[in-house]
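>
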Amino acid sequence: MTNKQLRQNFEQSLIDAGKSAHTIRAYMTDLCAFIHWFEVMAGEEFDARAVGPRDIVAYRQYMIASGKKPATTNRRLVTLQRFFRWAHRQQIVTESPFEALESVRVRRQANIAPKWLTHRDQLALLRAVRRHGSRRDLAMLQLMMSAGLRVSEVVNLKLADVQIGERSGAVTIRSGKGNKYRQVPLARDARHALARYLAQRAEHETGFIFLGQRGPLSIPGVQYVVAKHAYRARLSHVTPHTLRHTFGKNLVDEGVSLDQVAALLGHETLDTVMIYTRPSQDDLEKAVRKAAGEVV
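Taking the working numbering, the leading residue of the sequence shown gets 935, the next gets one more, and so forth.
#1: Quick check on Ile-1046: buried or exposed, where buried means 16 or more other Cβ atoms within 10 Å of its Cβ?
#2: Quick check: what's the CA-CA separation for Ala-1164 versus Ser-1170?
#3: Going by CA-CA distance only, name the one from Arg-983, Leu-940, Glu-973, Lys-1224 that's closest to Gly-1155.
#4: Which residues in the same chain have their Cβ closer than 8 Å to the Cβ of Ala-976, if we skip the five residues on either side of it in sequence?
#5: Hey, would you say Ala-1161 sits closer than 7 Å to Tyr-961, going by beta carbons?
#6: Looking at Phe-1142: is its Cβ nearer than 7 Å to the Cβ of Lys-1183?
#7: If you follow the alpha helix (DSSP H) that Ala-1104 is part of, which residue opens it and which one closes it?
#8: For Arg-1116, which residues does DSSP report across the bridge?
#9: Alpha helix (DSSP H) containing Gln-1056: first to last residue?
#10: When the distance is taken between beta carbons, is Leu-1035 closer than 7 Å to Pro-1004?
#11: With 16 other CB atoms within 10 Å as the buried threshold, where does Gln-946 fall?
#12: Hey, is Arg-988 close to the ligand ATP, as in C-beta under 6 Å from one of its heavy atoms?
#13: Is Thr-1007 near Leu-965, with beta carbons less than 7 Å apart?
#14: Grab me the residues of Ala-1104's own chain with a C-beta within less than 7 Å of its C-beta, minus the 5 sequence neighbours each way, in chain order.
#15: With DSSP run on the structure shown, which of helix, strand or coil describes Lys-953?
#16: Measuring only the C-alpha atoms, how far is Thr-1177 from Asp-1193?
#17: Does the beta-carbon of Tyr-1115 have 16 or more other beta-carbons within 10 angstroms, so that it is buried, or is it exposed?
#18: Need the endpoints of the alpha helix (DSSP H) that Ile-998 sits in, please.
#19: Leaving out five residues on either side along the sequence, give the residues of the same chain with a beta carbon under 8 Å from the beta carbon of Gly-1227.
#20: Please return the same chain residues whose Cβ sits closer than 6 Å to the Cβ of Val-1010, not counting the five positions on each side in sequence.
#21: Spell out a yes or no on whether the segment 1012 to 1026 and the segment 1198 to 1205 are touching, meaning 3 or more CB-CB pairs, one atom from each, closer than 8 Å.
#22: Note the first and the last residue of the continuous beta strand (DSSP E) segment covering Gln-1097.
#23: Bridge partners of Gly-1149, per DSSP?
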């Protein structure tokens, strides 16, 4: 059965169920959006049998990271749940990927990502990438978490923007506004991860550093990679921007001045970086334990 036939058969099932034309149109739009996302992420034609619980969770994370409202995210998930329930009844899939999930609904506040990861969560995420990911994935996450790059800066990074030596390295971040740029030094782990990836990276005429199966990686592609590894590390609502915030928080915690933090993150004023001086719940818990004489 082709994907076109699959969609037509599902649409007919909605008609047979007496759904209104408006509802059917919404269902089909939601289904097509998921199919397009899956094909971009997988780099191959959609196959309902290949969709697992991890893909549903990753799609949910992608929608949250893309700024979709909870109502929109939940509606799309309901559509997919109905589609896979129908596909299971039609013996197109052996089981619905939703069967292994307790709940994937998004609460109203759930689209607000945590500002940064704790040290323990950072280690868990990197451990998941090293265990399950590629050299490319590790290099990308290191650039966001250890150098503070925006997701747009990651996908636009070119070979000419990277300088790596044995004991030092940096990336040049170029802005489209007035040819502005900033240089961000690379710490050892980020430098090594990037060097290892570049050593095996395939040649590509555009010069963009991070490549997918069909060419330069897109912003949704990076968001998917982050969501996938965050899920494997059992972390919720982690986006590329969460990793950038983590870099800023780590700098402040190490006593780096706010003007230096602003320069490294590419902010022109100090107002934006003031958020990193606010204590997190983890900071407050450590303070209470320290005051009680506990080992922190």
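For glycine and all other residues, C-beta sits at the position ideal for the given N, C-alpha and C. Computed from a prediction, not measured in an experiment: that's the story for all the values here.
Judging by the given coordinates:
#1: For Ile-1046, the predicted model reports a pLDDT of 44, less than 50, meaning its position is unreliable; a value from the coordinates is still stated below. Exposed, because fewer than 16 other Cβ atoms sit within 10 Å of the Cβ of Ile-1046.
#2: 7 Å
#3: Glu-973
#4: Ala-984
#5: no
#6: no
#7: Here Ala-1104 belongs to no alpha helix (DSSP H); instead the beta strand (DSSP E) covers 1103 to 1108.
#8: Ile-1107
#9: 1053 to 1066
#10: no
#11: exposed
#12: You won't find the ligand ATP in this model; it holds no ligand whatsoever.
#13: no
#14: Gln-1097, Gln-1117, Val-1118, Pro-1119, Leu-1120
#15: coil
#16: In the sequence under discussion, the amino acid at residue 1177 is Leu, which differs from the Thr named in the question. Between Leu-1177 and Asp-1193, the C-alpha separation is close to 20 Å.
#17: exposed
#18: 987 to 999
#19: none
#20: It is worth fixing the name first, because residue 1010 is Arg in this sequence and not Val. Hits under 6 Å: Asp-964.
#21: no
#22: 1096 to 1098
#23: Gly-1146
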